[in-house]
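Notes follow once the structure below has been shown.
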Amino acid sequence: METAEKPETVETAERFDTARKVADAVLFEGYVLYPYRASSAKNRMRWQFGVLVPPAWAAASGEPAVQRTQLLMEPRADAVLHAEVRFLHAQRRTVRRLLPDGSYEPVEELELPDRVLVPWDEGIEERVELTASLAELTSGGLTLPFTLPAAENTEPVKGEGGAHKGEIVRRREALEGVLRIAAEELPGPYRVLRLTAVVENTGAGTATRREDALPHSLVSAHLMLGLTAGSFVSMTDPPQWAREAVAECRNEHTWPVLAGDDGAADVVLSSPIILEDHPRIAPESAGAMYDATEIDEILALRTAALTDEEKRHARGTDDRAAAVIDLAETMPPEVMERLHGAVRALREVTGPDPVPAPAVTAPDTPWWDPGADASVDPGRDRVVIEGTSVGAGSRVVLRPGKRRTDAQDLFLHGRGALVEAVLHDVDGGVHLAVTVDGDPGAEIRREQGRFLYFQPDELAPAEDS
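Numbering (the numbering used here), first residue to last: -11 to 453.
Structure (structure tokens):
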């Protein structure tokens, strides 16, 4: 891998630590999906995010060969910019069985005691690094071509008792690309630079199918940027003075977000997946599962429930898939319980920040037990709506607010309903449980305690309440 002459310093590496944890999740997102077998239909169409294909295939397919990141930064005079492009290089793996005459033949499966080896495309992490001063950036910028040569290696496969069963052949195709980065100072009262970074696949590979183009592609490509002195401007929530300039920035097939440690603005992650500023990996996450379309708890439970034969096929698909199987099988109960859910922050949508919940002093007691809290009673509590006291048994008219994310609620606008309970959450919010007039399942809802919930400003007292 070619890099700029100036090496990455320890300080820069530490600056990227927080961003790199999120970038790793981006890099391997969708790498292998549950049930983690190559034979699964979900794993037949791979590499969906941040794929930069060779120009010839881009022209034929419409997939991009270029990523463009453009953002604002406020560097100090002595600032140095560090850039790091990261991507996966698809490595094609074939499996060969040993024949009695000592030769090998390609096979679709090779049975081993603990796994079933199959052909598969593995992803090898690659990095391209560049370091530039402000003078270099503003005087035409820098261009860094990089080349990854073709390579092939062979790994023997052993069976029971160490008997030679076959071999795995891994081959990487040649890959070529370029990183271009430059900056220009914008007019105005503040010293602001617009930074443009372009990552491009310049390979000459030709293909008639996507699967043939992938070994010549930059897969899950993304860019990390770090300033030694100064800060970047948020593209998601820019300050008022920068909004017009931010709106003029053009980002293609990627989106830059602030990713500095502890909320700092000196690092940016430009990701092919839409993220918010300062993204974080959930502390409850026990390990990578590569399938962010699913909940970790569900994935872990379903993976642990796979049959032994399904697990053998998953282990033979990829080392990362094997690690997921091992993780699900060995996850302690306390870690699984932690995956069940966590509340980061809650606040009343239509009002000021609520009063914090009282601190818990007994470590073995739930931090809030409604059955033990004499200050609340859903069946007797009442709330004043438009000057009328409303509680269980009151009749109301539904007026769902525009902030509702469930479109089904909007169809209930103007319908009558019966209040079943008045509920208070731990952050001081009030919610009314209701059954809708004419609902044939109302009695079942009451038996199961499954109601529709609305906030007071989404209800009006009925005339006959």
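Where is the CB? At the ideal position from N, CA and C, for every residue including glycine.
Every value quoted in this text rests on a predicted model; they were computed, and no experiment measured them.
Spatial neighbours of residue i within its chain, please: CB distance less than 7 Å, with the 5 preceding and 5 following residues excluded, ordered by chain position.
i    : result
A11  : R74, H210, M212 and L257
T196 : none
G251 : H266
S273 : D284
R370 : S377, V378, G379 and V410
Who are the Cβ neighbours of residue i in its own chain at under 6 Å, not counting the five residues just before and after it?
i    : result
P346 : Because the pLDDT of P346 is 46, which lies under 50, any placement of that residue in the model is unreliable, and the number read from its coordinates should be weighed accordingly. Taken in chain order, the list of residues that qualify is empty.
A171 : L125, T126, L181 and L183
T190 : E164, G165 and V166
T135 : E164
E446 : R387, P388 and G389
A310 : R303
V186 : R56 and R168
T216 : A67 and V68
T194 : A44
P244 : T57, L59, M223, V256 and S258
L139 : In the sequence as presented, Leu is not what sits at residue 139; that position holds Ala. Cβ neighbours of A139 beyond the five flanking positions: R160.
V104 : E97, R300, H301 and G304
E240 : R56
H430 : A small fix is needed here, since residue 430 is Ala in this sequence, not His. Closer than 6 Å at the Cβ level, and outside the excluded window around A430, lie T423.
Can you tell me whether residue i is buried or exposed, with buried defined as 16 or more other CB within 10 angstroms of its CB?
i     : result
I262  : exposed
I269  : exposed
G154  : buried
A7    : buried
Q396  : exposed
T242  : buried
F220  : buried
D5    : exposed
S382  : buried
D109  : buried
G375  : exposed
K(-6) : Confidence at K(-6) is low in this model, with a pLDDT of 43, below 50, so the placement of that residue should be treated as unreliable; the coordinate-derived value is given next. Per the 10 Å Cβ criterion, exposed.
P271  : exposed
Y24   : buried
R81   : buried
T142  : exposed
V372  : exposed
R115  : exposed
E188  : buried
R84   : buried
Bridge partners of residue i, per DSSP?
i    : result
R81  : W108 and R158
K146 : H152
A139 : R160
M61  : L181 and F220
Y441 : A421
N189 : G165
A448 : V385
P133 : V166
E114 : F75
Q55  : V187
R370 : G379
A409 : A421
G214 : H70 and V255
L86  : Y92
W243 : S259
Using a Cβ-Cβ cut-off of 8 Å (strictly less than) and excluding sequence neighbours within five positions of residue i, which residues of its own chain qualify?
i    : result
G275 : A311, V312 and L315
A292 : A316, E317 and M319
P321 : none
G128 : A170
A13  : I269, A276 and A280
R308 : F16, Y19, V20, A276 and Y278
S49  : V41, R198 and A201
V385 : G402, R403, G404, A405, L447, A448, P449 and A450
E282 : Y22
D102 : R300 and R303
Could you tell me whether the segment 190 to 208 touches the segment 22 to 40, where touching means 3 or more Cβ pairs closer than 8 Å? Touching, yes, given that three or more Cβ pairs across the two stretches are closer than 8 Å.
Report the start-end ranges of each beta strand (DSSP E) in the segment 278 to 326 that is 3 residues or longer and not cut off at the edges. Annotation: the segment 278 to 326 contains no complete segment of the beta strand (DSSP E) (minimum length 3 residues).
Quick one: any contact between the segment 45 to 64 and the segment 136 to 148, if contact means 3 or more CB pairs under 8 Å? When C-beta atoms of the segment 45 to 64 are compared with those of the segment 136 to 148, fewer than three pairs fall below 8 Å, so the two segments do not count as touching.
Does the pairing of the segment 225 to 239 with the segment 96 to 103 give three or more beta-carbon distances under 8 Å? The segment 225 to 239, when compared against the segment 96 to 103, does not touch it at the 8 Å Cβ threshold.
Would you say the segment 408 to 422 touches the segment 434 to 442, given that touching needs at least three Cβ pairs under 8 Å? The segment 408 to 422 is in contact with the segment 434 to 442.
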